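Numbering (my numbering), first residue to last: 7 to 219.
For each residue, glycine too, the CB sits at the ideal point set by N, CA and C.
As the structure is a computational prediction, the values presented were derived from the model and not from experiment.
One structure below.
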């Protein structure tokens, strides 16, 4: 597996008030501990597909849209209800972040599709599908990635000269995790949100085992 693209990891610097990764986030009050024994609930993103797009046209004519190809190869668009941010790529891939559920994601995606349709693109909501759910969170402690990679070599690859995170391929559920020394964790490859939650609860005891003193 090649190193994940940096835009999948550092989106929080681009999304303003809608962070993708949450470091040092306190345990959420009211969390269902039967489902989330760690007390941490990963933040979710949703990856969808639409037709090919002209990003310059979208950025010029859509409201609340920005496009700086030298910084990031996608249009960043925001809507207030539901409060979400979309990353819209020329290939037609759209990442919706900030949605609290699949239902809100679909509602937001429908609104983004209408915006794109009004600009003359043949985007149809019927063609949208959730391809990938991405979760991210912080465990609030640093992690010894070298030790983790050594002990879990069958599942891990860690080449810090190429990519700063450890890539952990979980078998069940089939999820890829990006684990950083800071304690940030990105989980990707899920089709349903419970796979993200289960993968995090599976990895959390492992991360505590390799907690830096």
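Going by C-alpha to C-alpha distance, which of 170, 162 and 180 sits closest to residue 242?
In the structure as shown, the chain starts at 7 and stops at 219, and residue 242 therefore has no counterpart that could be examined.
Under 9 angstroms between C-beta atoms of residue 58 and residue 107:
Not a contact, by the Cβ cut-off of 9 angstroms.
Report the option in 190, 218, 208 and 160 whose CA atom is closest to the CA atom of residue 43.
Relative to the Cα of residue 43, the nearest Cα in the group 190, 218, 208 and 160 belongs to 208.
Any beta carbon of chain C sitting closer than 9 angstroms to that of residue 99?
No chain C appears in this structure, which consists of one protein chain only.
Just to confirm, are residue 141 and residue 48 a CB contact at a threshold of 9 angstroms?
Against a cut-off of 9 angstroms, the Cβ pair of residue 48 and residue 141 comes out as a contact.
Start and end residues, beta strand (DSSP E) containing residue 124:
Unbroken run through residue 124 is the alpha helix (DSSP H), 108 to 124; no beta strand (DSSP E).
Output needed for residue 215: all residues of its chain with C-beta closer than 6 angstroms, excluding positions within five of it in sequence on either side, in chain order.
Correct list: empty, nothing qualifies.
Tell me which residue opens and which closes the beta strand (DSSP E) that residue 183 is part of.
181 to 185
Which residues mark the beginning and the end of the alpha helix (DSSP H) in which residue 154 is found?
151 to 157
Cβ pair count under 8 angstroms reaching 3, the region 149 to 168 against the region 108 to 116:
no
In the DSSP assignment, find the alpha helix (DSSP H) that holds residue 212 and state where it starts and stops.
Start and end: 199 to 215.
With 16 other CB atoms within 10 Å as the buried threshold, where does residue 205 fall?
buried
Can you tell me where the beta strand (DSSP E) holding residue 93 begins and where it ends?
90 to 94
By the three-class DSSP mapping on this structure, what secondary structure does residue 64 have?
helix
Three-state secondary structure (DSSP) at residue 145?
coil
Count the other C-beta atoms from every protein chain shown that fall within 10 angstroms of the C-beta of residue 144, then say buried if there are 16 or more, exposed otherwise.
With at least 16 other beta carbons inside 10 angstroms of its own, residue 144 counts as buried.
Whose C-alpha, out of 198, 219 and 203, is nearest the C-alpha of residue 38?
203
Endpoints, beta strand (DSSP E) assigned at residue 84:
81 to 85
Selection from 78, 183 and 149 that minimises the alpha carbon distance to residue 195:
183
In the structure shown, what three-state DSSP assignment does residue 74 receive?
Reduced to three states, the DSSP call for residue 74 is coil.
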